[in-house]
Amino acid sequence: MAGLRKEVPMYTEEDYRLISRQFRNRSLSLWIPLGVFAVLIFVLAIRRVPEVFVMIATILAGGLAIFVFGLFIKPVLSYKRHMDNCLHGRTHDVTGAFKEMGEETVDKDGVRFWPMILNVGNMEDEEDDRLLYYDANLPRPGFVRGQMLTVSAHDKAVAKWTDA
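The following block contains the structure:
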């Protein structure tokens, strides 16, 4: 059926709700232990326990916060922001021929992407190449060299694509 355009959105509102719920649950994994440490530090300070124990509890609480945030919360927060930008942020359209997609993923703003090049003019002229980033958490697309695409992107991150 010629003339039918296949629009492929990368994310849905349901995906955004799921990542938001995951962010909330992981945030609780930080705030609950920190609340316990805050109570412990308060009790230690009130009971006039030697200052070194209060300092040790404070250092442990800070170390726990940094560890949990960096390992469990920051990656989900970065992906949630990326998804929010793609769904609700400003996007621009780029139409061109697919040129190539990198084999190695890159990290941009805490999210893993496959770099891809879309050519908007002459395939031999590198000045017509546009670097975009395709989410590496999603299945890798089967684009073929020369395939015409219209890509909606936030910054350089692909939000959706359509066969042009």
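Each step along the sequence shown adds one to the number in the numbering used here, with nothing skipped, and position 79 is 79. Backbone N, C-alpha and C define an ideal beta-carbon position, used for all residues, glycine too.
For residue i, the residue or residues it bridges with in DSSP
i, result
"Ala157", "Tyr133, His154"
"Asn119", "Ala97, Asp129"
"Pro9", "Lys160"
Contacting residues, own chain, Cβ-Cβ under 7 Å from residue i (five flanking each side not counted)
i, result
"Gly110", "Lys74, Pro75, Ser78"
"Cys86", "Met10, Tyr11, His154, Ala157, Ala159"
Cβ-Cβ separation, residue j to residue i (assumed contact under 8 Å), whole Å
i, j, result
"Leu118", "Val151", "6 Å"
"Leu71", "Ala57", "Going by Cβ atoms, the distance from Leu71 to Ala57 rounds to 21 Å, so no, they are not a contact pair."
Classification of residue i by the beta-carbon crowding that lies within 10 angstroms, buried from 16 upward
i, result
"Phe113", "buried"
"Ser28", "Looking at the sequence itself, residue 28 is Leu, so the reference to Ser does not match. Leu28 is exposed by the Cβ-count criterion."
"Phe42", "exposed"
"Phe67", "exposed"
"Leu149", "buried"
"Met1", "At Met1, the pLDDT of 44 sits below 50, so the modelled position is not reliable; the number obtained from the coordinates is stated separately. Exposed, because fewer than 16 other Cβ atoms sit within 10 Å of the Cβ of Met1."
"Ile19", "buried"
Where the beta strand (DSSP E) through residue i begins and ends
i, result
"Asp107", "106 to 108"
Alpha helix (DSSP H) segment containing residue i, residue limits
i, result
"Leu64", "51 to 68"
"Val76", "74 to 88"
Same chain, Cβ closer than 8 Å to residue i, neighbours up to 5 away in sequence not counted
i, result
"Leu132", "Val94, Pro115, Met116, Ile117, Leu118, Val151, Ala153, Lys156, Ala157, Val158"
"Leu34", "Ala61, Leu64, Ala65"
Residue i Cβ short of 7 Å to the ligand SAM heavy atom set
i, result
"Trp31", "Judged by which ligands are present, the structure shown has none, so any question about the ligand SAM falls away."
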